[in-house]
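Inspection log for the structure reproduced underneath, given as structure tokens.
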Amino acid sequence: MGLAAIALGSNLESRFGGREANLTEAIRRLAELGEVRAVSAFYDTEPVGYVDQPRFLNGALVLETGLAPVELMRGLLEVEREMGRVREGVAAKGPRVIDLDLLLYGDAVLETPELTLPHPAMAERRFVLEPLAEIASGWMHPVLGMSVGALFERLTA
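Below, the structure is given as structure tokens:
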């Protein structure tokens, strides 16, 4: 079994409801991939990069899973697809019903065509680090050698 840190985000309504309902539904579906060990509060955030879109609601969770990292990533993409996430023909970093990012998997360092661990941009993203620091502040980033809490403090200093 491995521990995975997963970021969640939503800024569109869907058949499940608004942003919070989308995150709640994603958490329910992620529980089918393992045991949800912790869930952060949800944070209302400004969009980053592509800014001409609605505000996001972001959160994080820790999942204990028997899936290997690439298998888990495929599971996250399937949850996104089942919930209505469209990736083709839309702006990169644009509006989405649900966004699930695999941030950390234990202390794994991995680079494949499908997956890079740890997530390459997590240390620069407040909307990722703030909820993750709430539930896993001591988790060490295996490349940077800093805890999630320290990365968040560095970003907000």
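Counting along the sequence shown from 1, when you hit position 138 you're at 986 in my numbering, and nothing is skipped either side. We treat Cβ as the ideally placed atom computed from N, Cα and C, and that holds for glycine.
Assignment of beta-bridge partners to Ile-854 by DSSP yields Leu-909, Leu-950. Note on geometry: alpha-carbon atoms of Leu-992 and Pro-966 lie some 10 Å from one another.
Assignment of Ala-886 by DSSP, reduced to helix, strand and coil, places it in the strand class.
Distance between Val-910 and Leu-963, taken at the CA atoms: about 18 Å. Annotated as proximal: Gly-882 and Glu-912, with beta-carbon spacing under 8 Å. Note on Val-938: under 16 other CB atoms within 10 angstroms of its CB, so exposed under the neighbour-count rule. Taking all protein chains in view, the Cβ of Ala-855 is crowded by 16 or more other Cβ atoms within 10 Å, so the residue is classified as buried. Residue pairing by DSSP puts Ser-995 in a beta bridge opposite Met-988.
Glu-959 is bridged by DSSP to Thr-964.
Look at Gly-865 here: in three-state DSSP terms it is strand. At the C-beta level, Leu-920 and Leu-950 come within 8 Å of one another.
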